[in-house]
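Step one of this worksheet: look at the structure below.
Below is the structure:
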């Protein structure tokens, strides 16, 4: 949705008065309000409450559900694929705004690509919810203690807005669901939040971050700060603990970090990073 709004802001209001032809190309015919995705995953709201239709948002703009295949800057032509048969369509333009947004980057840590879940789309939220329920179902019937322990360990990477909201929704979903699983005790549930910095919510004042930490701890969330993730396997998350909390800001190119020995968190569910990259 942010990309959609940016595209609109880049268009002068007088363009609408002059009846200038404006088209927006998107692979979906709706836009997602991403801050609400954790609530969708946790079941606090339905998926329809986190989206709005692009067709009714701005009647002055023609919106195509299509994918961009290529851009020819010399001829000022965009080639798109749309429809069931995906036939190419060539669109002429006078001015072109490229606002593709970002995608989750799982390539920085070995194993994340294969074993991690992200939180960027409605499908991601649905997958996370289904995965949590699947783990509870598995833990309720298994006779192996080590399998049950792993199945009931849920790890979230990243203590920003998305991570804080997601870990809270996971805990709420599990707490509401336990009454349906008589073989699972509340004390067996482990919900972990990992953050590389020495505090969560770096974008917010320290007082608000401390308030969030206090609330999460009261709800039974385990917070681990100054923790990096070095590897992810199908059953374990390998973390590195920094010796010192003192380091230059995130924009420094000469940051020096010290790590202690690795520690492993056994788990069965997946987790998601808060890193991102520009869409290709």
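In the working numbering, the protein residues as written are 1335 to 1614. Don't be surprised by glycine CBs; every beta carbon is placed ideally from N, CA and C.
Asked                                                                                 : Found
For residue 1360, the residue or residues it bridges with in DSSP                     : 1399
Distance between residue 1522 and residue 1483 (C-alpha atoms, nearest Å)             : 7 Å
Identity of the residue in 1561, 1505, 1551, 1378 nearest residue 1530 by Cα          : 1561
Alpha-carbon to alpha-carbon, residue 1572 and residue 1541                           : 31 Å
Residue ranges of each beta strand (DSSP E) within the stretch 1509-1547, 3 or longer : 1524-1529
Under the three-state DSSP convention, the category residue 1382 falls into           : helix
Under 8 Å between C-beta atoms of residue 1456 and residue 1374                       : yes
Sub-8 Å separation of residue 1564 and residue 1489 beta-carbons                      : no
The stretch 1422-1440 in contact with the stretch 1546-1560 per 3-pair CB rule at 8 Å : no
Three-state class that DSSP yields for residue 1495 in the structure shown            : helix
Candidates 1470, 1567, 1537, 1494, of which the one nearest residue 1520 by Cα        : 1470
Three-state secondary structure (DSSP) of residue 1413                                : strand
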